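Asks: Anchor point for the sequence shown: position 103 equals 468 in the numbering used here, and the numbering is continuous, going up by one each time. Glycine included, every Cβ here is placed at the ideal spot set by N, Cα and C. Given the structure is predicted, the values throughout are model-derived calculations rather than measurements. Encoded as structure tokens, here's the structure I'll be asking about.
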Amino acid sequence: MSKALAVLATASQLTLLKAVTALIAVTAFLYPPELLAQIGVPAPTEYAKQSICIAELSQPLTVELADNWQQRARGLMQRESLADNAGMWFRYNEKRPGNSGFWMYQTLLPLDIAFFDQQQRIVSIITMPPCASEDPGQCPSYAPGHDYYSALETNAGFFSAHGITVGDKLYTESHGDCELPNKN
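Here you go:
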């Protein structure tokens, strides 16, 4: 009798294994890559673009807008280059705490990040080197130490090369140049 139970148990396990495998296949087919990517690298996503100005820039910066969680999660991961006057602007609907930072997991480029307060003034600038680790837990988080409402990633060295410092303001009104009548 015990031999019959062992065969029955093995058959049940095999049936269960087939059912689980089928469920995984159906799930992978039905759910969009963005949802499944939560366990890995987010799928590529589309970004709207906008021209912005900061402080004394003579030319606008063309930024991709990261306004939802999929766009923010993907960020600049796996990009091999970023144009000189380009970046990614992470905008939030509410205040983010100063200990909430950004990381460089699977980001290939060294980046600068500027964090902005509610008035779009820079509260912190940090240079972030790429994280070479395949283990996301080994990649440091770069937090500004100040509450913020948005953050702008650019090529490393961009802010210092243009004399942009803490306290400078980001402007979204741009008409092909950065002549700003009121910079206060």
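Run through the DSSP bridge pairs and tell me what Phe481 is partnered with.
Replies: Answer is Ile487, Ser515.
Asks: Apart from the five residues on each side of it in sequence, which residues of its chain come closer than 8 Å, Cβ to Cβ, to Gln415?
Replies: These residues qualify, in order along the chain: Thr427, Val428, Leu430, Trp454, Thr537.
Asks: Cα separation between Tyr513 and Glu411?
Replies: Answer to the nearest angstrom: the Cα atoms are 24 Å apart.
Asks: What are the boundary residues of the alpha helix (DSSP H) that includes Ser416?
Replies: Premise fails: Ser416 lies in the beta strand (DSSP E), 413-419, not in any alpha helix (DSSP H).
Asks: According to DSSP, is Ala497 part of a helix, a strand, or is it coil?
Replies: Ala497: coil per DSSP, three-state reduction.
Asks: What does the alpha-carbon distance come out to for the pair Arg444 and Gln484?
Replies: Looking at the two C-alpha atoms, the distance is approximately 30 Å.
Asks: Straight-line CA distance for Asn554 to Gln436?
Replies: Because the chain in this structure spans residues 366 to 549, residue 554 falls outside the shown range and cannot be described.
Asks: Check Gly522 in the structure and name its three-state DSSP category.
Replies: DSSP places Gly522 in coil when its eight states are reduced to three.
Asks: Using a 10 Å radius around the Cβ and a threshold of 16 neighbouring Cβ atoms, would you call Ala479 buried or exposed?
Replies: Result: buried.
Asks: So, is Met509 buried or exposed, given that buried needs 16 or more other C-beta atoms within 10 angstroms?
Replies: The sequence shown places Pro at residue 509, not Met. Its Cβ being crowded by 16 or more others within 10 Å, Pro509 is buried.
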